[in-house]
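What follows is a single structure, written as structure tokens, with notes after it.
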Amino acid sequence: MKKTILFTVLLLLAFVACKKSSSESSFETTTTTDANGFTYETVSNDPTGLRLYTLENGLKVYLSQNKAEPKIQTFIPVRAGSVYDPADNTGLAHYLEHMVFKGTDEIGTQDWESEKVLLDSISNLYEAHKSETDTDKKKTLYKQIDEVSNAASKISIANEYDKMVSSLGAEGTNAWTWHEETVYVNKIPSNGLDKWLHVESERFSQLVLRIFHTELEAVYEEFNRSQDSDFRRAAYVMNDALFPTHPYGQQTTIGISEHLKNPSMVAIHDYFNKYYVPNNMAVILVGDIDFDETIQKVNDSFGKFEYKEVNHPERPTEEPLTSVVEREVFGPENERVNIAFRGKAMGTEDEIKVNLIDMILNNSTAGLIDLNLNKKQLVQGAGCYTQFLNDYGMHIFYGNPKSGQTLEEVKDLILGQIDEIKKGNFDEWLIEAVVNDLKLSQMRDYENASNVAYDYVNAFVHFQDWKDRINMFDKMKKVSKQELVDFANSYYGDNYVAVYKRQGEVKDLVKVENPGITPIELNRGKKSEFVANFEKMETPELKPNFINYQEAIETAELSNGQELAYVPNALNDLMEMNIIFDMGSDNDKKLSLAVNYLSYLGTDSMTPEEVSQEFYKLGVDYGVTTRNDQTIIYLRGLRENLDKGLNLLENLWDNAKSNQETYDKYVLSIAKSREDTKADKGQILWNGLYSYGAFGENSRLRDIFTIAELKAMNPEELVNIVKDLKNYKHRFFYYGKDIAQAKTAITNNHKAGEVKPYPEMKKYVNKETGDNVYFVNYDMVQAELLFLSKGDTFDPKQMAASRLFNTYFGSGLSSIVFQELRESKSLAYSAFASYSNASKAGDPNYTYAYIGTQANKLNQAVESMLELMNNMPEAEDNFNAAKESTLKKLAAERTDKANIFWSYERMKKRGITENNKEEIYNSIKNMTLADLSNFFNESIKNGAYDVMVVGNKNDVDVNALAKLGKVQELDVDYLFNYETPMPIKN
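When we follow my numbering, the leftmost residue of the sequence shown carries the number 1, and every step to the right adds one.
Set out below in structure tokens:
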């Protein structure tokens, strides 16, 4: 299935096409009434087994079973997104999402009547603040808001909702807001369903805007993050051009700065009361459930909510695009062009045909863009994806230029591939192959309860009948090539928007003063009566399951003496074959270079494009993964084509043919990827600076070939390195049905040579950390900091304490770091810390902490983080909740499918031969806060930290950083050991 580069929600919505199978006539909706009188709908041949209920108050309830693990994926979607924001309060739906985590008149308060008086006062002050135009008077009002908010915080109790769901063992507690929805997320152990329903029904019963000004400031930090993302800014400009009157283009989900700084609590309450009603909401539960019991419980919890008529505002209709609209966006990140066509909404014929065309153009293997642009290296990278919403749909293309290539040239190359569709220059077999590929992808996706639940969200939010969603593939199969060509000629013309994201200075960044918020009280030692009663509720015991790897992984010896490990696939007819070499780039610096080059090659009898097409026809794909100590060549897809797929792979492996022109383009691509890496602040911080903090100059990251060295290499040598791999010791892992079939396929197709010893591994020594500040200048609003401290050598006995520590201290919404830095002080949108155990025996552990904050808050953020890292607050209630959460997560964990083998591989790499999860579980069970404090004092407190910083040196107080150690501003070329300037241009 194709890969796209999108932020999370866009990526999810791009999967709309991945829906159903079977013959159209076999999809029939049936209405059934269960023994308790609840009526539900099912659809025949539905692979998800959905039961769709509608309660008397209009609440939709989507239930589906998945018994793979004792967990339930929960979503509560509300048809309320940024499209419905008031024009003078953009961003409202999103920051309302944040506030729904703050509790009610029962959750999050010690004395509601007293607190309410103060919250009403804060609301009145905000209304005065919003209407006031005098800057000095607004500041005075904000100071009053801060003072009253601080007084209110002495009565409130922060994070009670988070503590309760965390105590259930919930994972992924979060929410998202987009154009037409706000969706609340948890994945809970199945024994926590009753308590989860109890909390959620109270949570959505009313809205209380407590701890408001600090949370709104955290939202503003999220706004700053969006300003620092060229991708997001380009997306906003594209939507603005596509939708000059519709809210899709005129109202971003995050909102504008002026509105975020001038909110109305009255407007937020009005929005909640209008849209957060049962007939505009759904409860989605997928996992280890009993249908009849679950619907009764949902009805008992949510059935009491009152129906209320909802009228979503009418949106404007856009005039057709009759000419090309071009826009420019500037920023420090790598250049890119986006091209977008606007069409009809979800559920129309457009969706079926555009998704077909999308996959014919770009399926990551055999699409026209894949073969004609990416495989031939005519661009650095290109692709496309679709978005379908309630009012409109979009087909969006993206392309990254090679060195010396203009964005206009990339655009023309992409449009040229669209023209090939319009001319009918594609094989008819691609239509059926695309549909089969989508079915295959869906089969993989639906193994996971979360993917099933997300598709239900998508159907609910967009008012889609489930039968129509699962019938999508059959409708696709009925589209003829001529119909597709005719549609393409009507859909794609000079009616698109092109956005050129160029490198350059950002002119329109919004930078604001530090508001000087007084830290609020968290009241960790307090609890509401609701929480006290919640804790008394009994939960059925969920017993952990500790897998015996030796029993779960079958082993066999092949006729040539090679080892085959096997884990049966009991779910479907998909397979995965892995050929594993316990050598990697540390053994041979050229190895990763060689295996990546292979993907551009053909054989003596097939072109590179023909190789890709043959794999796609089989419903099988291959790949090569090279790490520092291991190389894996894998084959995955339909089990019935294992033999043919392996034969095709072995043929490529044995007969790959080097090509000098292809290699020259490959080197050019590497050179351009280095340029792009230098322009990516995420790569600079988490790859470049992190590696420099851990290893200094002598790191794997910096141990690279120069472009001149790459140019001088003989590509035939790289091909021979790949071919010679067979002469080193290797082993097999197969996940699928019928081990005999796998043995036969290996015996028939895989011919290994002599067994040579692995080349000696190069050693990279971890340096000592402490008293260093590594700074990289980058044009951005925020500053991002990473604290890194080298710890003791990996010890399995620390795994229990470190896991509990991370839950209590550094990760999650109820962790100490999150509460202090975001909840109390509003210093960041994202802040976390972790004690990271080494992945290999003999390597050191590390403690790291991250914070991204407005540059003028940097000093306060650094002081606050370091104070926490040296003096861990001890809160018994928080500890008990973290302990309970960790134990329940462990009890609900299941190691299954291919992960059985890979998790065992990771354990052995750490020098652990027996499953130690039971030991970890029992250790945590017996652990006290004093034990955790001892772990902190021995392993983390007074750690020697290197501090890595990415920020704009015109805004960052570099002198303040000097208090943390010797400040060294690093040139990005030096950091990655790249040449300056780049030696290759077209």
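Positions of the beta carbon are idealized from the N, C-alpha and C atoms, including for glycine.
Quick caveat: nothing in here was measured; it's all calculated off a predicted structure.
Next on the checklist: Restricting to Cα atoms, I'd like to know which of F732, Y634 and E754 is closest to E557.
Outcome noted: Position 557 of the sequence shown, counted from the first residue, corresponds to residue 557. The shortest Cα separation from E557 among F732, Y634 and E754 belongs to F732.
Checklist entry - Can you tell which of D445, D621, D468 and A671 has the C-alpha that lies nearest to the C-alpha of N977? => result For this step, residue 977 is matched to residue 977 along the sequence shown. Among D445, D621, D468 and A671, the Cα nearest to that of N977 is on A671.
Next on the checklist: Using a 10 Å radius around the Cβ and a threshold of 16 neighbouring Cβ atoms, would you call D792 buried or exposed?
Outcome noted: Start at 1 with the first residue of the sequence shown, and residue 792 comes out as number 792. With fewer than 16 Cβ atoms within 10 Å of its Cβ, D792 is classed as exposed.
Checklist entry - Counting pairs of beta carbons, one from the segment 702-720 and one from the segment 861-879, are three or more of them closer than 8 Å? => result no
Next on the checklist: Based on DSSP bridge pairs, tell me the residues matched to G637.
Outcome noted: Counted from its first residue, the sequence shown places residue 637 at position 637. Answer is M575 and V620, bridged to G637.
Item to check | For W176, the first and last residue of its enclosing beta strand (DSSP E) | outcome: Position 176 of the sequence shown, counted from the first residue, corresponds to residue 176. Note, W176: beta strand (DSSP E), E171 to T177.
Item to check | Test item: CB-CB of K966 and N720 under 7 Å | outcome: In the sequence shown, counting from the first residue as 1, residue 966 sits at position 966. In the sequence shown, counting from the first residue as 1, residue 720 sits at position 720. Contact: no.
Checklist entry - S290 to Q65, Cα distance in whole Å? => result Here residue 290 is taken as the residue at index 290 of the sequence shown, counted from 1. Here residue 65 is taken as the residue at index 65 of the sequence shown, counted from 1. The question names Ser, but residue 290 is Asp in the sequence shown. Distance between the alpha carbons of D290 and Q65: 8 Å.
Item to check | Test item: CB-CB of H750 and F581 under 7 Å | outcome: What you label residue 750 is simply residue 750 of the sequence shown in a count that begins at 1. What you label residue 581 is simply residue 581 of the sequence shown in a count that begins at 1. No; because the gap between Cβ atoms is not below 7 Å, this pair is not in contact.
Checklist entry - Can you tell me whether DSSP reads A740 as helix, strand or coil? => result Mapped onto the sequence shown, residue 740 falls at position 740. Helix at A740.
Next on the checklist: Alpha carbons only, please: which of T253, Y491, A366 and I431 is nearest the one belonging to K344?
Outcome noted: Mapped onto the sequence shown, residue 344 falls at position 344. Of the listed residues, the one whose Cα sits closest to K344 is Y491.
Checklist entry - How long is the line joining the alpha carbons of S21 and N334, rounded to whole angstroms? => result For the purposes of this step, residue 21 is taken as residue 21 along the sequence shown, with counting starting at 1. For the purposes of this step, residue 334 is taken as residue 334 along the sequence shown, with counting starting at 1. Here the model assigns S21 a pLDDT of 35, short of 50, so the residue's position is not dependable, and the following value carries that caveat. Spanning the two alpha carbons is a distance of roughly 40 Å.
Item to check | CB of Y764 within 7 Å of CB of L689, strictly | outcome: What you label residue 764 is simply residue 764 of the sequence shown in a count that begins at 1. What you label residue 689 is simply residue 689 of the sequence shown in a count that begins at 1. Remark: C-beta atoms of Y764 and L689 do not approach each other more closely than 7 Å.
Next on the checklist: Quick test of the definition: if touching needs 3 or more C-beta pairs under 8 Å, does the segment 799-809 touch the segment 192-200?
Outcome noted: no
Next on the checklist: Distance check for N311 and Y734, CA to CA, integer angstroms please.
Outcome noted: Sequence index remark: in the sequence shown, residue 734 carries index 734 (1-based). Sequence index remark: in the sequence shown, residue 311 carries index 311 (1-based). Roughly 54 Å between the two C-alpha positions.
Item to check | Rounded straight-line distance, which links the Cα of T518 to that of A944 | outcome: Here residue 944 is taken as the residue at index 944 of the sequence shown, counted from 1. Here residue 518 is taken as the residue at index 518 of the sequence shown, counted from 1. Answer to the nearest angstrom: the Cα atoms are 30 Å apart.
Checklist entry - What residue range is occupied by the uninterrupted alpha helix (DSSP H) comprising V1042? => result Since the displayed the chain opens at 1 and closes at 986, residue 1042 lies outside it and no answer follows.
Checklist entry - Run through DSSP, which three-state label would N777 get? => result Reading the sequence shown from its first residue, position 777 is the one you call residue 777. Here N777 sits in strand by DSSP.
Item to check | For N859 and N942, the rounded distance between their alpha carbons | outcome: Stepping through the sequence shown from its first residue, residue 942 is reached at position 942. Stepping through the sequence shown from its first residue, residue 859 is reached at position 859. Distance between the alpha carbons of N942 and N859 is about 19 Å.
Next on the checklist: Would the segment 54-64 count as touching the segment 223-242 if we require 3 or more Cβ pairs under 8 Å?
Outcome noted: The way I'd put it, the segment 54-64 doesn't touch the segment 223-242; fewer than three beta-carbon pairs between them come closer than 8 Å.
Item to check | Nearest-angstrom Cβ-Cβ length linking F212 and S257, presumed shorter than 8 Å | outcome: The residue you call residue 212 lines up with position 212 of the sequence shown. The residue you call residue 257 lines up with position 257 of the sequence shown. Incorrect: roughly 18 Å between the Cβ atoms, too far for contact.
Checklist entry - Which same chain residues, not among the five before or five after V512, have their C-beta less than 6 Å away from its C-beta? => result Here residue 512 corresponds to residue number 512 of the sequence shown, with the count starting at 1. Result list for V512: empty, nothing under 6 Å.
Checklist entry - Candidates E409, D350 and L440: which alpha carbon is nearest K475's? => result As a working mapping, residue 475 is identified with position 475 in the sequence shown. Out of E409, D350 and L440, D350 has the C-alpha closest to the C-alpha of K475.
Checklist entry - Closest to Y220 by CA distance: which of I254, V667 and L168 is it? => result As a first step, residue 220 is located in the sequence shown; it is residue number 220 there, counting from the start. It is I254.
Checklist entry - So what does DSSP say about R210, is it helix, strand or coil? => result As a position in the sequence shown, residue 210 is number 210, starting the count at 1. Coil, per DSSP.
Checklist entry - Residue range of the alpha helix (DSSP H) that L652 falls in? => result Taking the sequence shown and counting its residues from 1, one reaches residue 652 at position 652. Unbroken alpha helix (DSSP H) run through L652: L642 to N655.
Next on the checklist: Just to confirm the assignment, what range does the beta strand (DSSP E) spanning A800 have?
Outcome noted: Residue 800 sits at position 800 when you count from the first residue of the sequence shown. Taken as a continuous stretch (DSSP letters only), A800 belongs to no beta strand (DSSP E), being part of the alpha helix (DSSP H) at M799 to F805.
Checklist entry - Mind checking if C384 is an interface residue toward chain B, Cβ cutoff 7 Å exclusive? => result Protein chains in the displayed structure number just one, and chain B is not present.
Checklist entry - For the segment 541-612, which segments carrying the alpha helix (DSSP H) assignment without a break, of at least 4 residues, lie completely within its bounds, in sequence order? => result 549-552 and 591-598
Checklist entry - Unbroken beta strand (DSSP E) runs of length 3 or more, entirely within the segment 375-442: which are they? => result Those beta strand (DSSP E) runs which fall completely within the segment 375-442 and span 3+ residues are 381-388 and 393-400.
Next on the checklist: By DSSP's criteria, A340 is part of a beta bridge. Which residues make up the other side?
Outcome noted: On the sequence shown, position 340 is the one that residue 340 refers to. A340 is bridged to I396 and V497.
Item to check | I87 burial status per 10 Å Cβ neighbour count (16 or more: buried) | outcome: Start at 1 with the first residue of the sequence shown, and residue 87 comes out as number 87. The displayed chain sequence assigns Ala, not Ile, to residue 87. By the 16-neighbour rule on beta-carbons within 10 angstroms, A87 is exposed.
Item to check | Cβ pair count under 8 Å reaching 3, the segment 325-339 against the segment 672-685 | outcome: Taking 8 Å as the limit for Cβ pairs, the verdict is that the segment 672-685 does touch the segment 325-339.
Item to check | Cβ-based neighbour list, A882, same chain, cut-off 6 Å, excluding 5 preceding and 5 following | outcome: Mapped onto the sequence shown, residue 882 falls at position 882. Closer than 6 Å at the Cβ level, and outside the excluded window around A882, lie T807 and Y808.
Checklist entry - In terms of DSSP beta bridges, what is V185 paired with? => result Looking up residue 185 in the sequence shown gives position 185. Within the DSSP bridge table, the entry for V185 names F75 and N174 as partners.
Checklist entry - With 16 as the cutoff for other CB atoms within 10 Å, does A740 come out buried or exposed? => result Position 740 of the sequence shown holds residue 740. With fewer than 16 Cβ atoms within 10 Å of its Cβ, A740 is classed as exposed.
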